[in-house]
Amino acid sequence: MRTTRFVAPAAAGLLAVAGLTGCGGGDDADAPAGGPIAVKATDSACEVGSTEIDAGQVTFKVTNNGSKVNEFYVYAAGDRVMGEVENIAPGLSRELRVELPAGTYETACKPGMSGRGIRGALKVSGTAASVAPDAALAEATASYQRYVRSQTAALLTKTEEFVAAVKGNDVAKAKALYPVARTYWERIEPVAESFGDLDPKIDGREEVVEEGMEFTGFHRIEKDLWTTGDISKDGPIADRLLVDVKAIVAKADAEKLTPLQLANGAKALLDEVASGKITGEEERYSHTDLWDFNANLEGSKAAVAALRPALEQRAPDLVKQLDAEFANVEAALGKHRAGDGWKLHTQLSKTELKVLSDSINALAEPVSKIAAAVAR
Amino acid sequence: MTTPAGGDATSEPNSQQAGRGISRRRAMTLAGVGAAGVGAVAAGAGALIAGGGQASATATAAGAVPFLGEHQAGITTAAQDRLHFVAFDVVTRDRDRLVAMLQEWTAAAARMTAGKDAGLIGAVGGVPEAPPDDTGEALGLPPSQLTVTVGFGPSLFRDAQGRDRFGIADRRPAALADLPHFAGDALKPELSGGDICVQACANDPQVAVHAIRNLARIGMGVVSVRWSQLGFGRTSSTSRDQATPRNLFGFKDGTANLKAEDADLLREQLWVQPGDGPDWMAGGSYLVTRKIRMLIETWDRSPLAEQEAITGRTKGSGAPLGRRDEFDEPDFAAKGDDGEPAIAPTAHVRLAHPDQNGGARLLRRGYNFVDGSDGLGRLDAGLFFIAYQRDPRKQFVPIQTRLARNDAMNEYLRHVSSGLFACPPGVRDAADWWGRALFS
């Protein structure tokens, strides 16, 4: 629950973003000749069947042979997500269909769903027209909307698992799932927050509860899990959480975003980190703030990355600065990994928190300039 | 705001940048009539920072102090009423980024001291989608004699791990020697030191805070605020035009201070001379800061005679004990009616006096501070001591050593923060910037 919201700026009319022409979509496109590219994922490897392919619609078939839940990504420069599949349980296969113009990309498996993943190069050759400025902006929103949908799908799955654990009175499992489910929420938080009535029900902290309103959602269960450990009466709260999450997922999936909203959302996510996560306010009972920190950072990066082709045309120096500062924050945060997750906020010294705070501020300044570059 | 790295930035004259800015007053007018594209109107506002020299004594309290000059403004400038002081740690190891920031800082300070916005676009001149490049709280306020003074700490040359991060360790002046531990020091490391300091003084606290806030913002990713201090009520006069103010003990402070009019003494005691050390410091000065907590409540219930004996001056006129007027020279040989020295051996004025310190003097321009209360209901208050000098080893260090050992006032004081900085000479012309000689 925040004060900053993903509001449509009054000046949005400035943007003559033509309809979502050309790129994107593609779900109905014909399957490429030669069939899907097999990806064999394990806990320590990510074998991609073919690393030099032709431009166009590509399908990857990802099989998880490991013991951890996995993810598979295709990234363009700056970790721009071209496509991804989340939540591939051990033993399962899932397909990713993605439209790839000529260029160099990276593939990544993320066993345990964390970190940079196991990366590999992917070269795509063939004909692909260069993208015109307005088309680049249109593609940015289409690309980010694909990202939002992938996150909402995972949010729903993980919330269902979390709710089941709560209702089954399995405290240990609920505690383990709590920061994971929230990861998907935190990545797309500004989108979710644009639906003002639902956000406080799902993500409201205790102090936001007004007279006549019930304290529900993730943080209500967090409090019970980490203070009394008694969740035996939280069944109705958990049910309610799932209903609310389903409602917000439906709305977020239908939401049409503008490039300016992407820019402002990327900034808002970093402001979240700077104001609530760095202080430990957000996860005051579980202290899993660094999970949120990382998710906010990834979400911000995804929005910036979607805008990247447009920014490269409009503000190439800004792109360089953004790359450097994103890398700096990731390096600073990366020191606090713990297994597949993150250290607790309470395990960090004041000095370590200041380093993180400085790096977020250093990143948020250039990110705050994206909107102007997009608007002109 | 860390973009203009590389060659272009060095060749872009600060005065040109400043000239393209827009005065805060003018920005307000334009905003008032609803002009949208203010940025486009800004051209030709005229160079406002031209001219050398230091503060003119005739400038009004709201006027602008010239930014360019042989020495940095804010040292002999007639002490303004308000202070915002900040010490930064440099968090980048990229020398080019540090240099680019110092260039940006110089340009922004030139604009702000002239009463203009920190950035070229300004608080209200840009596109609606972008955050303004000035924070805006000084819109409509006059320059208020803002001065912005920069210094470099020992840790900029070699950090706590001994690293020479920016390839300047061999340029560290010998005079920038770490201060010794003084008897009774209760320094808090998190409130002490720093790689770079910025002293902003103005007659309006909002203007001083505006200056620091905008420089801190420009510096994000390059520097990180380590500690900062607000001050009010100057505790020294640096000009004979100024009356001697009072500190929070209620005593006049700065009676015997070095003054802007003492040209010969300033050469001898204040400004680093060619040959003193590395060339880049010639025309500069060394700055010592000390945050001195005063135990106000216990002082307030000590008898007047004891307060005066501790200080060595009368509380009313500020005259040395045994003399009549404030500016009378203290007579350290004089005896009182009881046959004891009129000015006690442990009196503050005796121990700090140049006659007792081989002629060593300081230019002090400290400020009172009150940081609220301390949770026990005691004022968290005292003196933020600021002293400029030619060589701390010969000036501040021996004086403070003597005071720390013997000063009767120590019973009522706690030194909680300490800083030492080398303040380079003034920004000479449009192509110059803070630290150019050090980094070139």
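Sequences listed follow chains E and P, in order. Quick note, the first sequence lines up with residues 1 to 376 if you use this note's numbering. Quick note, the second sequence lines up with residues 1001 to 1440 if you use this note's numbering. Positions of the beta carbon are idealized from the N, C-alpha and C atoms, including for glycine. Please read all numbers here as calculations on a predicted model, not as lab measurements.
Is residue 1046 of chain P helix, strand or coil when you go by DSSP? In the second sequence, residue 1046 of chain P corresponds to position 46, counting from 1. Reliability fails at residue 1046 of chain P, whose pLDDT of 32 lies under 50, so the model's placement of it is uncertain and no value is given.
Mark residue 1181 of chain P as exposed unless 16 or more other C-beta atoms lie within 10 angstroms of its C-beta, in which case mark it buried. Within the second sequence, numbered from 1, the residue matching residue 1181 of chain P stands at position 181. Residue 1181 of chain P comes out exposed.
Residue ranges of each beta strand (DSSP E) within the region 1341-1415 of chain P, 3 or longer: 1367-1373, 1379-1389
Report the three-state DSSP secondary structure of residue 93 of chain E (helix, strand or coil). Your numbering for residue 93 of chain E matches position 93 in the first sequence. In the structure shown, residue 93 of chain E sits in a strand (DSSP, three-state: E or B).
Distance cutoff 8 Å, beta carbons only. Does residue 1129 of chain P sit that close to anything in chain E? Counted from its first residue, the second sequence places residue 1129 of chain P at position 129. Cβ-Cβ to chain E under 8 Å: yes for residue 1129 of chain P.
Excluding five sequence neighbours on each side, which residues of the same chain lie with their C-beta closer than 8 Å to the C-beta of residue 27 of chain E? Start at 1 with the first residue of the first sequence, and residue 27 of chain E comes out as number 27. Unreliable positioning characterises residue 27 of chain E in this predicted model, as indicated by a pLDDT of 40, which lies under 50. The coordinate reading is nonetheless provided below. Cβ neighbours of residue 27 of chain E beyond the five flanking positions: 97.
Minimum Cβ-Cβ distance from residue 1221 of chain P to chain E less than 8 Å: As a first step, residue 1221 of chain P is located in the second sequence; it is residue number 221 there, counting from the start. So yes, residue 1221 of chain P belongs to the interface.
Drop a sphere of 10 angstroms on the beta-carbon of residue 92 of chain E, count the other beta-carbons inside from all chains shown, and report buried for 16 or more, exposed for fewer. Residue 92 of chain E sits at position 92 when you count from the first residue of the first sequence. Burial call: exposed.
Nearest to residue 59 of chain E by CA position, among E/67, E/90, E/341, E/100, is which residue? For the purposes of this step, residue 59 of chain E is taken as the residue at position 59 of the first sequence. Selected option, being the one with the closest Cα: E/100.
Alpha carbon to alpha carbon, what distance is there between residue 1272 of chain P and residue 1290 of chain P? Within the second sequence, numbered from 1, the residue matching residue 1290 of chain P stands at position 290. Within the second sequence, numbered from 1, the residue matching residue 1272 of chain P stands at position 272. Approximately 21 Å, taken between the alpha carbons.
Which residues in the same chain have their Cβ closer than 7 Å to the Cβ of residue 227 of chain E, if we skip the five residues on either side of it in sequence? On the first sequence, residue 227 of chain E is found 227 positions in, with the first residue counted as 1. Only 285 meet the Cβ criterion.
With a cut-off of 8 Å, does the C-beta of residue 362 of chain E fall near any C-beta of chain P? Reading the first sequence from its first residue, position 362 is the one you call residue 362 of chain E. It does; some Cβ of chain P falls within 8 Å.
Looking only at C-alpha atoms, which of E/313, E/277, E/343 sits nearest to residue 186 of chain E? For the purposes of this step, residue 186 of chain E is identified with residue 186 of the first sequence, where counting begins at 1. Measuring from the Cα of residue 186 of chain E, the nearest candidate turns out to be E/277.
For residue 1161 of chain P, count the other beta carbons within 10 Å of its own beta carbon; 16 or more makes it buried, fewer makes it exposed. Which is it? To locate residue 1161 of chain P, count along the second sequence from 1; it is residue 161. Under this definition residue 1161 of chain P is an exposed residue.
Counted within 10 angstroms of its Cβ, other Cβ atoms place residue 314 of chain E as buried (16 or more) or exposed: One-based indexing of the first sequence puts residue 314 of chain E at position 314. Counting Cβ neighbours within 10 Å, residue 314 of chain E comes out buried, since at least 16 surround it.
Three-way DSSP call (helix, strand, coil) for residue 1038 of chain P in this model: Counted from its first residue, the second sequence places residue 1038 of chain P at position 38. Note that residue 1038 of chain P has pLDDT 34, beneath the 50 cutoff, so the model's placement of it is unreliable and the number below is only indicative. Three-state result, residue 1038 of chain P: helix.
Using beta-carbon positions only, say whether residue 364 of chain E and residue 274 of chain E come within less than 8 Å of one another. Translated into the one-based positions of the first sequence, residue 364 of chain E becomes position 364. Translated into the one-based positions of the first sequence, residue 274 of chain E becomes position 274. Yes, these two residues count as a Cβ contact at 8 Å.
Count the other C-beta atoms from every protein chain shown that fall within 10 angstroms of the C-beta of residue 1189 of chain P, then say buried if there are 16 or more, exposed otherwise. Counting from 1 along the second sequence, the entry for residue 1189 of chain P is found at position 189. Classification of residue 1189 of chain P: exposed, given that the 10 Å Cβ count is below 16.
With 7 Å as the C-beta to C-beta threshold (strictly closer), list the residues of the region 1065-1096 of chain P near chain E in chain order. 1091
Whole angstroms is fine: what's the gap from residue 68 of chain E's alpha carbon to residue 84 of chain E's? Numbered from its first residue, the first sequence carries residue 68 of chain E at position 68. Numbered from its first residue, the first sequence carries residue 84 of chain E at position 84. Roughly 17 Å separates the two Cα atoms.
Check the Cβ of residue 358 of chain E against every Cβ in chain P and list those closer than 8 Å, keeping chain order. If you number the first sequence from 1, residue 358 of chain E lands on position 358. Those within 8 Å of residue 358 of chain E in chain P are 1091, 1220, 1221, 1224.
For the region 141-174 of chain E, list the alpha helix (DSSP H) runs that are entirely contained and at least 4 residues long, ordered along the chain. none
Given this structure, state the Cα-to-Cα distance separating residue 1248 of chain P from residue 1231 of chain P, to the nearest angstrom. Locating residue 1248 of chain P in the second sequence gives position 248, where the first residue counts as 1. Locating residue 1231 of chain P in the second sequence gives position 231, where the first residue counts as 1. Cα to Cα, the separation comes out at about 12 Å.
What's the gap between the Cα of residue 376 of chain E and the Cα of residue 1251 of chain P? Taking the first residue of the first sequence as position 1, residue 376 of chain E is located at position 376. Taking the first residue of the second sequence as position 1, residue 1251 of chain P is located at position 251. Distance between the alpha carbons of residue 376 of chain E and residue 1251 of chain P is about 59 Å.
Can you say whether residue 210 of chain E is buried or exposed, counting buried as having 16 or more other CB atoms within 10 angstroms of its CB? In the first sequence, the residue the question calls residue 210 of chain E occupies position 210. Exposed.
Beta-carbon proximity list for residue 294 of chain E, same chain, < 7 Å, skipping 5 on both sides: Here the question's residue 294 of chain E lines up with position 294 in the first sequence. The answer, listed in chain order, is 333, 342.
Chain-ordered chain B contacts of residue 325 of chain E [CB-CB under 7 Å]: Given the protein chain composition of this structure (E and P), no chain B is represented.
Taking the beta carbon of residue 1140 of chain P as the centre, do at least 16 other beta carbons fall within 10 Å, making it buried, or is it exposed? Working through the second sequence from its first residue, we reach residue 1140 of chain P at position 140. The residue is exposed, with fewer than 16 neighbouring Cβ atoms inside 10 Å.
Looking at the C-beta of residue 266 of chain E, does it have a partner C-beta in chain P at a distance below 8 Å? In the first sequence, counting from the first residue as 1, residue 266 of chain E sits at position 266. No, its Cβ sits nowhere closer than 8 Å to a Cβ of chain P.
Between which two residues does the alpha helix (DSSP H) containing residue 293 of chain E stretch? Numbered from its first residue, the first sequence carries residue 293 of chain E at position 293. From DSSP, the alpha helix (DSSP H) with residue 293 of chain E extends over 289-314.
Pairing CB atoms from the region 1389-1397 of chain P with CB atoms from the region 1236-1247 of chain P, are three or more of them under 8 Å? no
Are there three or more Cβ pairs, one per stretch, closer than 8 Å when the region 1140-1157 of chain P is compared with the region 1416-1424 of chain P? yes
For the region 1207-1214 of chain P and the region 1127-1138 of chain P, state whether three or more C-beta atom pairs, one from each stretch, are separated by less than 8 Å. yes
How many angstroms separate the CA atom of residue 1086 of chain P from the CA atom of residue 150 of chain E? Stepping through the second sequence from its first residue, residue 1086 of chain P is reached at position 86. Stepping through the first sequence from its first residue, residue 150 of chain E is reached at position 150. Between residue 1086 of chain P and residue 150 of chain E, the C-alpha separation is close to 46 Å.
With a cut-off of 8 Å, does the C-beta of residue 252 of chain E fall near any C-beta of chain P? Taking the first residue of the first sequence as 1, we reach residue 252 of chain E at position 252. No, its Cβ sits nowhere closer than 8 Å to a Cβ of chain P.
With C-beta atoms as the reference, is residue 1097 of chain P less than 8 Å away from residue 1222 of chain P? For this step, residue 1097 of chain P is matched to residue 97 along the second sequence. For this step, residue 1222 of chain P is matched to residue 222 along the second sequence. Yes, these two residues count as a Cβ contact at 8 Å.
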